[in-house]
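Participant: Numbering follows numbering that gives the first Met the number 0, in which position 49 of the sequence shown is assigned residue number 48; successive positions increment by one, without gaps.
Note that CB positions come from ideal geometry on N, CA and C, so glycine has one too.
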Amino acid sequence: MTSIIRVNELRKIYDMDDNVQVTALAGVSLEIEEGSFVAAMGPSGSGKSTLMHIVGGLDRPTSGSVNVGSYDVTNLDEQQLAFFRRKMIGFIFQSFNLIATMTALENVALPLRLCGVSRDERLERAYRLLEEVGLKDRVYHKPTQLSGGQQQRIAVARALANDPPVILADEPTGNLDTTSGENIMAMLNALNEKGHTIMIVTHDPRMTKHVHRVIQMLDGYVQ
Ligand SMILES: Nc1ncnc2c1ncn2[C@@H]1O[C@H](COP(=O)(O)OP(=O)(O)O)[C@@H](O)[C@H]1O
Ligand SMILES: [Mg+2]
Numbered sequence: 000m001t002s003i004i005r006v007n008e009l010r011k012i013y014d015m016d017d018n019v020q021v022t023a024l025a026g027v028s029l030e031i032e033e034g035s036f037v038a039a040m041g042p043s044g045s046g047k048s049t050l051m052h053i054v055g056g057l058d059r060p061t062s063g064s065v066n067v068g069s070y071d072v073t074n075l076d077e078q079q080l081a082f083f084r085r086k087m088i089g090f091i092f093q094s095f096n097l098i099a100t101m102t103a104l105e106n107v108a109l110p111l112r113l114c115g116v117s118r119d120e121r122l123e124r125a126y127r128l129l130e131e132v133g134l135k136d137r138v139y140h141k142p143t144q145l146s147g148g149q150q151q152r153i154a155v156a157r158a159l160a161n162d163p164p165v166i167l168a169d170e171p172t173g174n175l176d177t178t179s180g181e182n183i184m185a186m187l188n189a190l191n192e193k194g195h196t197i198m199i200v201t202h203d204p205r206m207t208k209h210v211h212r213v214i215q216m217l218d219g220y221v222q
């Protein structure tokens, strides 16, 4: 089996005022197989989000390395990192992180704009993605006009816009009711079956039935 994500001795230390240091990651090493569906679990503050952000190139470590596919993520400059994220990663966040002034369609089309896809083509693709997540009758709605579950479905469609091999989801069901949460997990399952490698962070032990493997974190370590 090929590992698509390789994390080696990853450390992240935040320097705070008064010479206080906070260790978010204390030396994490792990590999995630291509095509797998894994969940990082652990108490609040154990380093799950920090790990996910560094793997996805949203943040940089203090030391250690991350490789995703052929990318040596920790050695990329800002421009290369932006390219890496567009090409390789789809992000889904607990708080949806949609742009409030944009319609569902525009939110999903935005990553395609950043990739230089023509307007007609990106609107067409965004429409198809929203159709796939069951929102074709909501394409002109803005996020505040939609339920949490619907907003997260827009975020799933947006994460898929560039058809990335890896999907990273940080507590994607954390702000949802049980039914909407199950619905999002079923969508992630279906994407995994189509070949996307998926890593989620979750607090909810009920979600682990959907995944192949649980990575248990505590105090900046993988246990
Ligand atoms: N930007 C930051 N500045 C300082 N400390 C941070 C920052 N982000 C996270 N931390 C600290 O790093 C630790 C791990 O945080 P985080 O990765 O968000 O944990 P989790 O997602 O498991 O709740 C926590 O102690 C947190 O307070
Ligand atoms: Mg977190």
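1) Quick check: Val132 and Val155, are their CB atoms within less than 8 Å of each other?
2) Quick test of your reading: Ala158 and Phe90, contact by CB under 8 Å. State the CB separation rounded to the nearest angstrom.
3) Skipping 5 residues on each side, what residues in its chain have a beta carbon closer than 6 Å to that of Arg5?
4) What are the boundary residues of the alpha helix (DSSP H) that includes Gln150?
5) At what residues does the alpha helix (DSSP H) containing Val210 begin and finish?
6) Could you check the C-alpha separation between Thr102 and Met87 for me, to the nearest Å?
7) Which stretch, first to last residue, makes up the beta strand (DSSP E) that contains Phe36?
8) Starting from Gln78, trace the alpha helix (DSSP H) in both directions and tell me its first and last residue.
9) Touch check for the stretch 197-205 and the stretch 168-185: three-plus C-beta pairs under 8 Å?
Facilitator: Reading from the atomic positions:
1) Along the sequence shown, read from residue 1 onward, the residue named residue 132 stands at position 133. Along the sequence shown, read from residue 1 onward, the residue named residue 155 stands at position 156. Their beta carbons are under 8 Å apart, which means Val132 touches Val155 by this criterion.
2) On the sequence shown, residue 158 is found 159 positions in, with the first residue counted as 1. On the sequence shown, residue 90 is found 91 positions in, with the first residue counted as 1. Their Cβ separation, rounded to whole angstroms, is 6 Å, which keeps Ala158 and Phe90 in contact under 8 Å.
3) Here residue 5 is taken as the residue at index 6 of the sequence shown, counted from 1. Closer than 6 Å at Cβ, skipping near neighbours: Glu30, Asn66.
4) If you number the sequence shown from 1, residue 150 lands on position 151. 147-159 is the extent of the alpha helix (DSSP H) around Gln150.
5) Along the sequence shown, read from residue 1 onward, the residue named residue 210 stands at position 211. Where Val210 is concerned, there is no enclosing alpha helix (DSSP H), because DSSP gives it neither an H nor an E.
6) Within the sequence shown, residue 102 is the residue found at index 103, counting from 1. Within the sequence shown, residue 87 is the residue found at index 88, counting from 1. So the alpha carbons of these two residues sit roughly 25 Å apart.
7) Walking along the sequence shown from the start, residue 36 turns up at place 37. Per DSSP, the continuous beta strand (DSSP E) segment holding Phe36 begins and ends at 36-40.
8) As a working mapping, residue 78 is identified with position 79 in the sequence shown. Where Gln78 is concerned, the enclosing alpha helix (DSSP H) stretches over 77-87.
9) These segments touch.
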